[in-house]
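Each remark here refers to the structure printed beneath this line.
In our numbering, the protein residues as written are 102 to 166.
Below, the structure written as structure tokens:
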């Protein structure tokens, strides 16, 4: 852009800084979780931890024949 075109573009399209407080209404979870969502959020990580613990136990602590 030459001949002042960039200055004209900047005048027509100013840089707008948006503050983070503008996005306060966005949350990770909704205000109320349903019962099904709570059950899934508890059950799935528990099963994953059990599976990893079982694999570690079988690999390191179980006596080999």
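Every residue gets a Cβ at the ideal spot worked out from N, C-alpha and C, and that includes glycine.
| Item | Value |
| --- | --- |
| Helix, strand or coil at residue 133 according to DSSP, with G and I counted as helix | coil |
| Distance between residue 107 and residue 113 (C-alpha atoms, nearest Å) | 10 Å |
| Delimiting residues of the alpha helix (DSSP H) encompassing residue 109 | 106-113 |
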